[in-house]
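Here is the structure we will look at, set down as structure tokens.
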Amino acid sequence: MKNSKVSIIVRTKNEERWIDKCLAAIAEQHHKNHEVIVVDNDSTDATVAKAMAFAVKVVKISQFRPGEALNVGIRASSGDVIVCLSAHCIPTAPDWLGNLIAPLANTNVAGVYGRQEPLPFSDPHDKRDLLTVFGLDRKEQQRDPFFHNANSAILRSTWEKFPFDEQVKNLEDRVWGQAVIDAGRTIVYEPSASVYHWHGIHQGLDAKRAHGVVRVMESIHGESVLPDFLSPERQNNLVVIPVRAQPEFALQSELLQSTVLQAKELTRASRVIVSTDSSPLAEVARAAGAEVPFLRPAALADRSVDIIDVVRHALTEAENTGPIPDAVVLMEVSYPLRRVADVSSMIDRLYSEGLEVVVPGRRERRGLWADQDGAVVQVGEGFKPRDLKTTTAYIGLLGYGTAIRTAALRSDSPFAARVGVFHVDDEFAALEFRPSLDLDTATALLKHRGRK
Numbered sequence: 019m020k021n022s023k024v025s026i027i028v029r030t031k032n033e034e035r036w037i038d039k040c041l042a043a044i045a046e047q048h049h050k051n052h053e054v055i056v057v058d059n060d061s062t063d064a065t066v067a068k069a070m071a072f073a074v075k076v077v078k079i080s081q082f083r084p085g086e087a088l089n090v091g092i093r094a095s096s097g098d099v100i101v102c103l104s105a106h107c108i109p110t111a112p113d114w115l116g117n118l119i120a121p122l123a124n125t126n127v128a129g130v131y132g133r134q135e136p137l138p139f140s141d142p143h144d145k146r147d148l149l150t151v152f153g154l155d156r157k158e159q160q161r162d163p164f165f166h167n168a169n170s171a172i173l174r175s176t177w178e179k180f181p182f183d184e185q186v187k188n189l190e191d192r193v194w195g196q197a198v199i200d201a202g203r204t205i206v207y208e209p210s211a212s213v214y215h216w217h218g219i220h221q222g223l224d225a226k227r228a229h230g231v232v233r234v235m236e237s238i239h240g241e242s243v244l245p246d247f248l249s250p251e252r253q254n255n256l257v258v259i260p261v262r263a264q265p266e267f268a269l270q271s272e273l274l275q276s277t278v279l280q281a282k283e284l285t286r287a288s289r290v291i292v293s294t295d296s297s298p299l300a301e302v303a304r305a306a307g308a309e310v311p312f313l314r315p316a317a318l319a320d321r322s323v324d325i326i327d328v329v330r331h332a333l334t335e336a337e338n339t340g341p342i343p344d345a346v347v348l349m350e351v352s353y354p355l356r357r358v359a360d361v362s363s364m365i366d367r368l369y370s371e372g373l374e375v376v377v378p379g380r381r382e383r384r385g386l387w388a389d390q391d392g393a394v395v396q397v398g399e400g401f402k403p404r405d406l407k408t409t410t411a412y413i414g415l416l417g418y419g420t421a422i423r424t425a426a427l428r429s430d431s432p433f434a435a436r437v438g439v440f441h442v443d444d445e446f447a448a449l450e451f452r453p454s455l456d457l458d459t460a461t462a463l464l465k466h467r468g469r470k
């Protein structure tokens, strides 16, 4: 298998978070005689754009069945060896590909599947299942049909005899495995061909039990460590500073300069972009060191416009003039006393904990009331002593430094899943400057904080 041409089939559907990591790891493989076929199922995010930065062939499909998608990719390929790899599976080492295909030198081996390792932020159910199913011992399966196409290899000649079932909606790999076992062939599990697979292979319901199982397994295998390719310093982070034209130009100018300087202090910031509808403010931003590659259209400059729509627009414009970022950091000029270290911590948490969004907020344990359609209702646990309350409410400080993955930002519900809250414990840092604040007071506060 040493000199064989390998066709790597990567199925994608809105995988912009992972596809560049996956393809970069493939490019680093010692076995260089390979091609990559990306089979994309109508992705609506930046998956294809990120994939096209690599030497790949993209095949598009509009309807998805797992076996059919693989067969389409294989038909578009030319290698003697076929490798199936999920777009969110990242090879752990440069010898992954060579180790995965080596057992195919035995003519009775129909297929090989490799190890799948969880990431530190993988759900406990997934950690449990991955550590249980994908162990450290190599094995040959003569009766067990288990096979997993997230990380597998077969010969083209075998596929021609046993193509993947195009009718089943899932488990096409297990159906295929049963067919080759029934034909007297063997399947090999090769643990030295390992990938990171963040969401695992099963969905569990008993969270408490899963946590317990994972603790035992990690005590045996060791806790999973965040791989270098996911370290915050290796990610591309776009800082967006939105600022609208206001009658109080001097104050806005002062706040904008301060915010740009804060953003430039962020070692995690790849680019700092200001979104404004004001040419004079654009000049202030450029003089302070920020990019202003566009002027915000009037339709997005009204105070009634959702700030998330403004940030989405800035992301789209930024991608026209630079690389596709992994995450966006929102820094409004109304929080000029923010601590830069807080924003750095939020960015770090986004990646180290595998979150979609990290929102800054201030803890609020006092009694809360809400007016819902004219009816006033109590929110939370009422007037218990604060130290006895079991839940914590937060007052959101969205513009303080919210960090959000670009895939989440593009979605209709960016705050729907895997949201973390960062507690801003400095009350002074959380002060919000609004246009009603006079310039002298603002300047005095900035000087007191050391921003002047």
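Be aware that the sequence shown starts at 19, since it is given in this note's numbering, and climbs by one per residue. By construction, the Cβ of each residue, glycine as well, lies at the ideal position given by its N, Cα and C atoms.
* To do: Grab the span of the beta strand (DSSP E) containing residue 440 for me, first residue to last.
  => Against the sequence shown, residue 440 aligns to sequence position 422. Taken as a continuous stretch (DSSP letters only), the beta strand (DSSP E) holding residue 440 covers 437-441.
* Three-state class that DSSP yields for residue 272 in the structure shown -> As a working mapping, residue 272 is identified with position 254 in the sequence shown. Here residue 272 sits in helix by DSSP.
* If you draw a straight line from the C-alpha of residue 24 to the C-alpha of residue 170, how long is it? -> Your numbering for residue 24 matches position 6 in the sequence shown. Your numbering for residue 170 matches position 152 in the sequence shown. Rounded to the nearest angstrom, the two C-alpha atoms are 12 angstroms apart.
* **Distance between beta carbons of residue 28 and residue 40, contact taken as under 8 angstroms** => To locate residue 40, count along the sequence shown from 1; it is residue 22. To locate residue 28, count along the sequence shown from 1; it is residue 10. Indeed they touch by this definition, with Cβ atoms about 7 angstroms apart.
* Taking DSSP as the reference, what is the three-state secondary structure of residue 136? -> Here residue 136 corresponds to residue number 118 of the sequence shown, with the count starting at 1. Three-state DSSP puts residue 136 in coil, outside helix and strand.
* Asked: Using a Cβ-Cβ cut-off of 8 angstroms (strictly less than) and excluding sequence neighbours within five positions of residue 273, which residues of its own chain qualify?
  -> Counting from one through the sequence shown, the residue named residue 273 turns up at place 255. Correct list, in chain order: 261, 351, 352, 354, 451, 460.
* Simplified DSSP state of residue 325, which is helix, strand or coil -> On the sequence shown, position 307 is the one that residue 325 refers to. Residue 325 carries a helical assignment under DSSP once its states are collapsed to helix, strand and coil.
* Which residues mark the beginning and the end of the alpha helix (DSSP H) in which residue 357 is found? -> Translated into the one-based positions of the sequence shown, residue 357 becomes position 339. Premise fails: residue 357 is in no alpha helix (DSSP H) and is neither H nor E.
* Asked: With a cut-off of 8 angstroms, do at least 3 Cβ pairs link the stretch 86-97 to the stretch 52-69?
  -> With the rule of 3 Cβ pairs closer than 8 angstroms, the stretch 86-97 counts as touching the stretch 52-69.
* To do: Leaving out five residues on either side along the sequence, give the residues of the same chain with a beta carbon under 6 angstroms from the beta carbon of residue 428.
  => The residue labelled residue 428 in the question sits at position 410 within the sequence shown. Listed in chain order, the non-local C-beta contacts of residue 428 below 6 angstroms within the same chain comprise 63, local neighbours out to five positions each way being set aside.
* **Exposure label - residue 306; buried when at least 16 CB within 10 Å** => In the sequence shown, residue 306 corresponds to position 288, counting from 1. Burial call: buried.
* Counting Cβ pairs closer than 8 angstroms, one from the stretch 153-165 and one from the stretch 109-118, do we hit at least three? -> With the cut-off at 8 angstroms, the stretch 153-165 and the stretch 109-118 do not touch.
* Asked: How many Å lie between residue 168 and residue 102 at the Cα?
  -> Counting from 1 along the sequence shown, the entry for residue 168 is found at position 150. Counting from 1 along the sequence shown, the entry for residue 102 is found at position 84. Those two C-alpha atoms are separated by around 6 angstroms.
* Going by the CB atoms, is the gap between residue 332 and residue 314 shorter than 9 angstroms? -> Within the sequence shown, residue 314 is the residue found at index 296, counting from 1. Within the sequence shown, residue 332 is the residue found at index 314, counting from 1. Residue 314 places its beta carbon less than 9 angstroms from that of residue 332.
* **Three-way DSSP call (helix, strand, coil) for residue 204 in this model** => Locating residue 204 in the sequence shown gives position 186, where the first residue counts as 1. Three-state result, residue 204: strand.
* Once you ignore the five residues that flank residue 367 on each side, which residues in its own chain have a CB closer than 6 angstroms to its CB? -> The count along the sequence shown starts at 1 and reaches residue 367 at position 349. Cβ contact annotation for residue 367 (same chain, cutoff 6 angstroms, sequence separation greater than five): 376, 438, in chain order.
* Asked: What is the DSSP secondary structure of residue 391, counted as helix, strand or coil?
  -> The count along the sequence shown starts at 1 and reaches residue 391 at position 373. Of the three classes helix, strand and coil, the one that applies to residue 391 here is coil, per DSSP.
* Between 128, 213, 125, 176, which lies nearest to residue 472 when the distance is taken from Cα to Cα? -> There is simply no residue 472 to check, as the chain begins at 19 and stops at 470 in what is shown.
* Asked: Smallest Cα separation from residue 278: which of 164, 269, 258?
  -> In the sequence shown, counting from the first residue as 1, residue 278 sits at position 260. Checking every option, the nearest Cα to that of residue 278 belongs to 258.
* 9 angstroms Cβ cutoff met for residue 256 and residue 359 -> For this step, residue 256 is matched to residue 238 along the sequence shown. For this step, residue 359 is matched to residue 341 along the sequence shown. No, the Cβ-Cβ distance between residue 256 and residue 359 is not below 9 angstroms.
* Pull up the CB-CB distance for residue 190 and residue 132, whole angstroms please, since I reckon it's below 8 angstroms. => On the sequence shown, position 172 is the one that residue 190 refers to. On the sequence shown, position 114 is the one that residue 132 refers to. About 18 angstroms separates the Cβ atoms of residue 190 and residue 132, ruling out a contact at the 8 angstroms cut-off.
* **Classification of residue 393 by the beta-carbon crowding that lies within 10 angstroms, buried from 16 upward** => Walking along the sequence shown from the start, residue 393 turns up at place 375. With fewer than 16 other beta carbons inside 10 angstroms of its own, residue 393 counts as exposed.
* Asked: CA-CA distance, residue 221 and residue 143?
  -> Taking the sequence shown and counting its residues from 1, one reaches residue 221 at position 203. Taking the sequence shown and counting its residues from 1, one reaches residue 143 at position 125. Confidence in residue 221 is poor, its pLDDT being 48 and thus under 50, which makes the residue's placement too unreliable to answer from.
* **Beta-carbon gap between residue 139 and residue 371 smaller than 9 angstroms** => In the sequence shown, residue 139 corresponds to position 121, counting from 1. In the sequence shown, residue 371 corresponds to position 353, counting from 1. Less than 9 angstroms divides the Cβ of residue 139 from the Cβ of residue 371.
* Local conformation of residue 241 per DSSP, three classes -> What you label residue 241 is simply residue 223 of the sequence shown in a count that begins at 1. Of the three classes helix, strand and coil, the one that applies to residue 241 here is coil, per DSSP.
* Asked: In terms of residue numbering, what span does the alpha helix (DSSP H) encompassing residue 289 cover?
  -> Indexing the sequence shown from 1 puts residue 289 at position 271. Element bounds for residue 289: not the alpha helix (DSSP H) but the beta strand (DSSP E), 289-294.
* Does the separation of the CB atoms of residue 186 and residue 84 fall below 9 angstroms? -> Walking along the sequence shown from the start, residue 186 turns up at place 168. Walking along the sequence shown from the start, residue 84 turns up at place 66. Their beta carbons are under 9 angstroms apart, which means residue 186 touches residue 84 by this criterion.
* To do: Helix, strand or coil for residue 50, going by three-state DSSP, please let me know.
  => Looking up residue 50 in the sequence shown gives position 32. Reduced to three states, the DSSP call for residue 50 is coil.
* residue 472, buried or exposed, once every other Cβ within 10 Å from all chains shown has been counted against 16 -> Residue 472 cannot be examined here, being either before or after the span of the chain that is shown, 19 to 470.
* Let me know if residue 285 comes out buried or exposed under the rule of 16 or more other beta-carbons within 10 Å of its beta-carbon. => Indexing the sequence shown from 1 puts residue 285 at position 267. When all chains shown are included, residue 285 counts as exposed.
* Quick one, are the C-beta atoms of residue 310 and residue 319 less than 9 angstroms apart? -> In the sequence shown, residue 310 corresponds to position 292, counting from 1. In the sequence shown, residue 319 corresponds to position 301, counting from 1. Residue 319 is positioned such that its CB atom lies no closer than 9 angstroms to that of residue 310.
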